[in-house]
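> Be aware that the sequence shown starts at 1, since it is given in full-length UniProt numbering, and climbs by one per residue.
In this text, a Cβ means the ideal position worked out from N, Cα and C, and glycines have one as well.
Just passing along the structure, written as structure tokens.
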Amino acid sequence: MSSSAEGGLRLGSEIQSLAAAGRVNMTELVHPVLTDLAKRTKETVDLAVLRDDHMVFLDQVVGTHRLRTVSAVGEVFPMTDTANGKAALSLFEDDRVVAIASRELKNAGQSQRPLSDFLKEIEDIRETGIAWDLDEHTQGISAAGFAFQDPVGLVYAISVPVPSHRFAGLRESLAKQLLGAREAVAKLV
Numbered sequence: 001m002s003s004s005a006e007g008g009l010r011l012g013s014e015i016q017s018l019a020a021a022g023r024v025n026m027t028e029l030v031h032p033v034l035t036d037l038a039k040r041t042k043e044t045v046d047l048a049v050l051r052d053d054h055m056v057f058l059d060q061v062v063g064t065h066r067l068r069t070v071s072a073v074g075e076v077f078p079m080t081d082t083a084n085g086k087a088a089l090s091l092f093e094d095d096r097v098v099a100i101a102s103r104e105l106k107n108a109g110q111s112q113r114p115l116s117d118f119l120k121e122i123e124d125i126r127e128t129g130i131a132w133d134l135d136e137h138t139q140g141i142s143a144a145g146f147a148f149q150d151p152v153g154l155v156y157a158i159s160v161p162v163p164s165h166r167f168a169g170l171r172e173s174l175a176k177q178l179l180g181a182r183e184a185v186a187k188l189v
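Have a look at this one:
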């Protein structure tokens with residue numbers, strides 16, 4: 001700490017070091033949860049973070065099925081047609097959900113879907129804790145996921161994308177496994 005020319009105090013670089021020391025590397029922290037979930041489901045498991053009203057993939061554990069889904073770390077996904085995006089939206093107040101969804105649905109040409117239907121889906125996610133993407137983002141791929149916040153308010157989501165031909169038979173089991181993973185993450189965060 002030092003004096004500023006204006007007569008006040010100026011915080012030095014030490015405060016930045018203290019702030020950085022308090023940050024958690026979420027990728028490292030939850031990677032064992034991703035690994036366990038992938039082992040239990042035999043499906044790919046993704047971790048994404050909210051950045052600028054999009055979901056950015058941070059980590060992935062690839063499933064063991066011969067036919068599996070894979071996204072690249074760093075890939076950016078929208079909010080309204082992905083399980084991780086919808087899960088993240090479920091953590092927001094309705095006015096923010098409406099702003100993001102209105103813009104995204106219009107830009108994606110999804111205006112045929114009434115906003116009221118989308119908001120009902122978000123309410124369902126808030127009640128169940130699980131979001132669904134049923135061939136919405138990519139034809140042939142469905143997904144389920146949940147979202148959580150870290151202690152400083154960053155929003156993350158864990159999702160399990162599955163080839164759609166297998167998804168219907170796994171839906172109930174995936175929901176159960178994801179709720180278990182959500183409990184494990186809550187203990188870590």
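Hey, out of E127, V70, D95, F77, whose CA is closest to E136's CA?
Locating residue 136 in the sequence shown gives position 136, counting from the first residue. Looking at the Cα atoms, F77 is the closest of the given residues.
> If contacts are defined as beta-carbon pairs under 8 angstroms, then A184 and V33 qualify, I think. What distance do you get, rounded to the angstrom?
Position 184 of the sequence shown, counting from 1, holds the residue named residue 184. Position 33 of the sequence shown, counting from 1, holds the residue named residue 33. Correct: roughly 5 angstroms between the Cβ atoms.
> Would you say E43 reaches chain C, if we count a Cβ-Cβ gap shorter than 9 angstroms as a contact?
Any reference to chain C falls outside this structure, which holds one protein chain only.
> Within a Cβ cutoff of 7 angstroms, which residues of the same chain sit near S90, ignoring the five residues on either side of it in sequence?
Position 90 of the sequence shown holds residue 90. Closer than 7 angstroms at Cβ, skipping near neighbours: I122, I125, R126, A131, A147.
> Kindly list the residues whose CB is nearer than 6 angstroms to the CB of N84, restricted to its own chain and excluding five residues on each side of it in sequence; keep chain order.
In the sequence shown, residue 84 corresponds to position 84, counting from 1. For N84, where only same-chain residues beyond five positions count, the Cβ hits under 6 angstroms are A48, M55, G145, A157, S159.
> Grab me the residues of V155's own chain with a C-beta within less than 8 angstroms of its C-beta, minus the 5 sequence neighbours each way, in chain order.
Start at 1 with the first residue of the sequence shown, and residue 155 comes out as number 155. So the qualifying residues of the chain are V49, L50, A88, L91, A147, F148, Q149.
> With distances taken Cα to Cα, identify the nearest neighbour of K42 among Q60, A101, E28.
Counted from its first residue, the sequence shown places residue 42 at position 42. The candidate whose alpha carbon is nearest that of K42 is Q60.
> Quickly, what does DSSP pair L54 with across the bridge? List them, please.
Locating residue 54 in the sequence shown gives position 54, where the first residue counts as 1. With the sequence shown as reference, residue 54 is identified as His, and Leu is not the correct amino acid for it. Answer is R51, bridged to H54.
> Go ahead and label T64 buried or exposed: buried means 16 or more other beta carbons lie within 10 angstroms of its beta carbon, across all protein chains shown.
The count along the sequence shown starts at 1 and reaches residue 64 at position 64. Exposed is the call here.
> Cβ of V45 versus every heavy atom of the ligand MG: is any distance shorter than 8 angstroms?
Within the structure as shown, the ligand MG is missing, as the structure has no ligands at all.
> Between the Cα of R68 and those of M79, A38, D94, spot the shortest distance and give me the residue it belongs to.
The sequence position of residue 68 within the sequence shown is 68, counting from 1. Ranking the options by Cα distance to R68, first place goes to A38.
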